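Here is the structure we will look at.
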Amino acid sequence: MSRLFFIIKYALKRMTRDFIKTLILILVAATFTILTSEISYSLERQYVKLDEAYANIVVEGFLSEKDGSEAKVYSKYIKMFDQSLGDFRAYIKDVCLKRTMIYVPHEKSNTSERPHSSYVIGITKIEADSNLLPIYGVKINFFDNYDQSVFMTDSPVCLVSEALAKNTLPGAPEIDNDGFINIYAELVTKNRDKIKIPLKLKVIGTYSKGDRYIYCPWSVITQPLSTVIADDLYSEGLKFTISDNTLIDEFKAKASQIFVPTGYMGTDKDKTRQYALTLLDDHFIQTIAPLKRNVSMLEKVQPILFILSAAIGFFACMLFIRNRKPEFANMRSMGTPKALVFFEAFFEQSLFGITGTLTGIAIYFLIHGKGALFIVEDILIFLACYLAGATIAVINITRINVMKIMKAKD
């Protein structure tokens, strides 16, 4: 043990005696530590930005006719986008469906004016009807305990205009004392038969900038329709949002087997009905494309830097101890075991590497302050590569033939 402590003390004395060489080796290790940290920092920042882009950029899509015009989307395709059971349920959310029907006031309505016809509109989300969007200055006020999620249910509720809620529109249905409105939804079949569907809806909120339009959940319209007509149910368009942008390419590949791009002029993929699918993903692609390029470049540079670290460790160590063969031979001739000779040389180089690494880390934090992203794993890999190179150099130098060196010295 005393011999081991002597070797450590001897190594420390050697380091202080060759101060210039020691400083150079420490600065080399510090420089590569800073370079490794900067690349890791840049790579981590790109990962964070990429994750933020995937998580925060909203990518919407819609179905239309092949020429881009609004389409009646029938039940076969509506089912594909069902968020519980549909073929695309793993990729989409916030599906917007809309069905409009003419309505007239019910006989129970207390209107004294001649009834006016208008529209009752079944929707799954507010965004399904552009007339309700804030961009047009529309304000929606839901009463207590209600929000737009109610449109995804089959609750008999509705949203009416502020003017209709005040019962001031001539010929419009009135809201009774319990907050209900009674109307007939009318439909003319292919056989020219007129069907009336009675609806009793509870008013749960109001919207500005409108008069007679009444908005209710999609199911409130479609469920009674399915019982009185044999025609295929449809939605006036279909919009959706991609739920996980990391799966957008997978969704495109699957959807391309059924739908075509807008303006498609080739053979239809579905002989019964052909829709165009459009994804509004230009902003998403323009954002992630450069980020992916940066990540790819940095991921290629990083392993090259680790290989260079091993090479630098080898050559720096070799230059530092290459003239010490006679010294090591003397240590061996005086009875110092080969393992301790190796340990002395390796201890020096390890101390250079560790000191340089810690110095580089300190400088890195001074540069970036609180915003520093310190990747411990990458620094440890760098240090391991550096020391691996130094170890090879030490083994090469300390693997000496004592007698040969002594004869050469004589």
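Heads up: the sequence shown begins at 2 in my numbering, then just goes up one per residue. Quick reminder that beta carbons are idealized off the backbone N, C-alpha and C, glycines included. As the structure is a prediction and not an experimental result, all values here were calculated from the model.
Residue interval of the alpha helix (DSSP H) (run including residue i)
i, result
"Val-49", "20-57"
"Thr-101", "Element bounds for Thr-101: not the alpha helix (DSSP H) but the beta strand (DSSP E), 93-106."
"Ile-376", "Where Ile-376 is concerned, there is no enclosing alpha helix (DSSP H), given that its DSSP letter is neither H nor E."
"Gln-1", "What is shown of the chain runs 2 to 411, which leaves residue 1 out entirely."
Beta-carbon gap between residue i and residue j smaller than 8 angstroms
i, j, result
"Gly-238", "Phe-63", "yes"
"Ile-286", "Thr-34", "no"
"Met-102", "Glu-187", "yes"
"Thr-416", "Ser-162", "Residue numbering for the chain in the displayed model covers 2 to 411; residue 416 lies beyond these limits and cannot be assessed."
"Phe-383", "Thr-37", "yes"
"Asp-212", "Leu-170", "yes"
"Gln-303", "Leu-51", "no"
"Cys-217", "Val-121", "yes"
"Ala-385", "Gln-350", "no"
"Lys-240", "Glu-61", "yes"
"Ser-236", "Arg-100", "yes"
"Leu-200", "Ile-184", "yes"
"Tyr-365", "Ala-30", "no"
"Ile-58", "Thr-288", "yes"
"Gly-123", "Ile-196", "no"
"Ser-244", "Lys-126", "no"
"Thr-279", "Ser-65", "yes"
"Ala-173", "Leu-165", "yes"
"Ser-119", "Tyr-48", "no"
"Ala-346", "Val-395", "yes"
"Leu-24", "Phe-321", "no"
"Tyr-276", "Tyr-92", "no"
"Ile-40", "Leu-299", "yes"
"Leu-28", "Gly-357", "yes"
"Gln-224", "Asp-155", "yes"
"Val-158", "Leu-202", "yes"
"Tyr-55", "Asn-246", "yes"
"Ile-230", "Phe-144", "no"
Delimiting residues of the beta strand (DSSP E) encompassing residue i
i, result
"Ser-119", "119-124"
Bridge partner(s) assigned by DSSP for residue i
i, result
"Pro-218", "Ile-124"
Simplified DSSP assignment, three categories, for residue i
i, result
"Glu-61", "strand"
"Lys-73", "strand"
"Tyr-276", "coil"
"Leu-281", "strand"
"Gly-390", "helix"
"Gly-206", "strand"
"Pro-304", "helix"
"Lys-293", "helix"
"Ala-317", "helix"
"Ser-310", "helix"
"Leu-299", "helix"
"Phe-383", "helix"
"Gln-287", "helix"
"Ser-85", "coil"
"Lys-80", "helix"
"Asn-397", "helix"
Any non-hydrogen atom of the ligand SAM closer than 7 angstroms to residue i Cβ
i, result
"Gln-303", "Among the components modelled here there is no ligand, and therefore nothing to report on the ligand SAM."
Counting only runs of 3+ residues fully inside the region 133-204, write out the beta strand (DSSP E) ranges in chain order. 141-143, 158-162, 181-189
Next item on the list: Could you pull out every unbroken alpha helix (DSSP H) segment of at least 4 residues lying fully inside the region 223-262, listed in chain order?
Entry: 249-256
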